[in-house]
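Everything in the sequence shown is counted per the numbering used here, starting at 5 for the first residue and increasing by one.
Structure first, then comments.
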Amino acid sequence: MVISAINIGKSYLEGTGSRLIVLEDLSIDVEGGKVIAITGESGVGKSTLLHILGLLDTVDSGRIIFNGEDVSSLNDSQLSRIRNSDFGFIFQFHYLLPEFDALENVALPALLAGMSRPEAESRAKELLSAVGVAERAGHFPNALSGGEQQRVALARALINNPRLVLADEPTGNLDPKNEDKLIDLLFGLTREFGMAVVLATHNMAIARRADQSYLLREKHLEEVIC
Ligand SMILES: Nc1ncnc2c1ncn2[C@@H]1O[C@H](COP(=O)(O)OP(=O)(O)OP(=O)(O)O)[C@@H](O)[C@H]1O
Ligand SMILES: [Mg+2]
């Protein structure tokens, strides 16, 4: 198992002082080489769950086990090292850094992980080819289309050979053709590299293509049998 959430609970303190309970006694096992889709209405807690699995946010109760270890025993720098070297993130808005070109954006997480610049750049080039934007390597994000930016973000998410990719509505702002292309890439690369993917989406056609599909509803996950 790459990561497991065991009986987790998560709430937010609201401005009024009351607590909004988002997740309750929720468990999920994420296996390598598989894509898990999470669907559910807006505001139900999909992003909250992805942030927790991405070790970007903590739980109120329950445990998160990564690599056989309870992450609550880890400090901030250990958590951020795991996030950078073992996880890849793709969000609805790509969050590429505007002051760096496509190649540099993709290479950056590898440089942060200690890879030499020539090696990081050569791997970044390979990934840009794999996602079909090699010829845009020198373009800054503002000179790339939305679909190209998302593909660069996918390449960036994969550069450190992550064990887990968290994709939060990664095709949220793409047209159907580019959406299909990005999902084909994500699914294909998952199979090729054996990483685990947790994907939040509103698109049922995408959810049906996943190996496992869950509906998040009333604070719990229900497995959807397709
Ligand atoms: N930092 C926060 N403080 C307070 N409430 C929050 C916070 N983050 C999220 N929420 C609330 O928690 C609930 C779940 O939010 P979340 O973003 O996880 O939903 P979602 O399923 O991803 O929705 P969408 O499909 O619109 O992206 C929502 O009611 C949201 O308003
Ligand atoms: Mg969300």
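Even for Gly, the Cβ is constructed at its ideal location relative to N, Cα and C.
Quick caveat, the model's predicted, so the values are computed rather than measured.
Measure how close the beta-carbons of residue i and residue j come, nearest whole angstrom, since I'm counting them as under 8 Å.
i, j, result
"LYS172", "PHE95", "For the sequence presented, residue 172 should be read as Asp rather than Lys. At roughly 5 Å, the Cβ-Cβ gap stays under 8 Å, so ASP172 and PHE95 are in contact."
"LYS181", "LEU27", "LYS181 to LEU27, Cβ: 34 Å. No contact."
"LEU30", "LEU225", "6 Å"
"PRO145", "LEU190", "With a Cβ gap of about 20 Å, PRO145 and LEU190 do not count as contacting."
"HIS55", "ALA106", "HIS55 to ALA106, Cβ: 26 Å. No contact."
"ALA117", "ASN164", "5 Å"
"ILE25", "ALA204", "Going by Cβ atoms, the distance from ILE25 to ALA204 rounds to 19 Å, so no, they are not a contact pair."
"GLY37", "ARG140", "About 29 Å separates the two Cβ atoms, so there is no contact after all."
"HIS251", "ALA157", "Residue 251 lies beyond the stretch modelled for the chain, which goes from 5 to 230, so this question has no answer here."
Give the straight-line distance between the Cα atoms of residue i and residue j, rounded to the nearest whole angstrom.
i, j, result
"VAL48", "PRO174", "18 Å"
"GLY19", "SER65", "22 Å"
"VAL34", "LEU193", "17 Å"
"GLU45", "TYR218", "12 Å"
"ARG155", "SER22", "41 Å"
"ASP74", "ALA9", "10 Å"
"LEU53", "ALA200", "15 Å"
"SER126", "PHE91", "20 Å"
"ALA134", "SER89", "20 Å"
"PHE104", "ASP61", "27 Å"
"VAL78", "VAL6", "Checking the sequence shown, residue 78 turns out to be Leu, not Val. Rounded to the nearest angstrom, the two C-alpha atoms are 17 Å apart."
"ASP50", "ARG221", "Looking at the sequence provided, one finds Lys at residue 50 rather than Asp. Approximately 10 Å, taken between the alpha carbons."
"GLY150", "GLY176", "10 Å"
"LEU178", "GLN153", "10 Å"
"HIS206", "ARG213", "13 Å"
"GLY76", "PRO122", "One point to set straight first is that residue 76 is Ser, not Gly, in the sequence displayed. Distance between the alpha carbons of SER76 and PRO122: 36 Å."
"LEU132", "ASN11", "39 Å"
"GLU130", "LEU17", "45 Å"
"ILE69", "MET208", "29 Å"
Using CA atoms only, rank isn't needed, just tell me which of the options is closest to residue i.
i, options, result
"ILE210", "MET199, VAL228 and ARG167", "VAL228"
"LEU186", "PHE144, VAL137, LEU225 and MET199", "VAL137"
"CYS230", "VAL6, ILE40 and ALA200", "ILE40"
"LEU112", "ALA147, ASP74, GLN82 and LEU162", "LEU162"
"GLY2", "LEU220, LEU132, ILE42 and ARG67", "With the chain running from 5 to 230 in the structure shown, residue 2 is simply not present."
"ALA114", "THR205, ARG87 and LYS50", "ARG87"
"PRO166", "GLY150, VAL202, GLN153 and GLY176", "VAL202"
"PRO102", "LEU57, ASN71, LEU148 and ALA200", "LEU148"
"GLY198", "VAL169, MET208 and GLU226", "VAL169"
"ALA216", "ASN79, ASP188 and ILE32", "Correcting the residue type first, residue 216 is Gln in the shown sequence and not Ala. Here the closest residue by C-alpha is ILE32."
"ASN109", "MET119, PHE93, ALA128 and SER120", "ALA128"
"LEU83", "PHE93, LEU59 and ILE69", "LEU59"
Checklist entry - Which runs of the alpha helix (DSSP H) spanning at least 4 residues fall entirely within the stretch 40 to 80, listed in chain order? => result Qualifying alpha helix (DSSP H) stretches, in chain order: 50 to 57.
Item to check | Lining residues of ligand 2 - beta-carbon closer than 7 Å to any non-hydrogen atom, in sequence order | outcome: For ligand 2, residues qualifying as neighbours are LYS50, SER51, ASP172, GLU173 and ALA204, where qualification means a beta carbon closer than 7 Å to at least one of its heavy atoms (chain order).
Next on the checklist: Runs of 4 residues minimum, wholly inside the stretch 144 to 191: which ones carry the alpha helix (DSSP H) assignment?
Outcome noted: The stretch 144 to 191 contains, as complete alpha helix (DSSP H) runs of 4+ residues, the segments 150 to 162 (chain order).
Next on the checklist: At 3 residues or longer, what runs of the beta strand (DSSP E) sit wholly inside the stretch 10 to 42?
Outcome noted: Within the stretch 10 to 42, the complete beta strand (DSSP E) runs of at least 3 residues are 23 to 34.
Next on the checklist: Quick check on the DSSP output: what are the complete beta strand (DSSP E) runs of length 3 or more inside the stretch 96 to 121, in order along the chain?
Outcome noted: Unbroken beta strand (DSSP E) runs of no fewer than 3 residues, entirely contained in the stretch 96 to 121, are not found.
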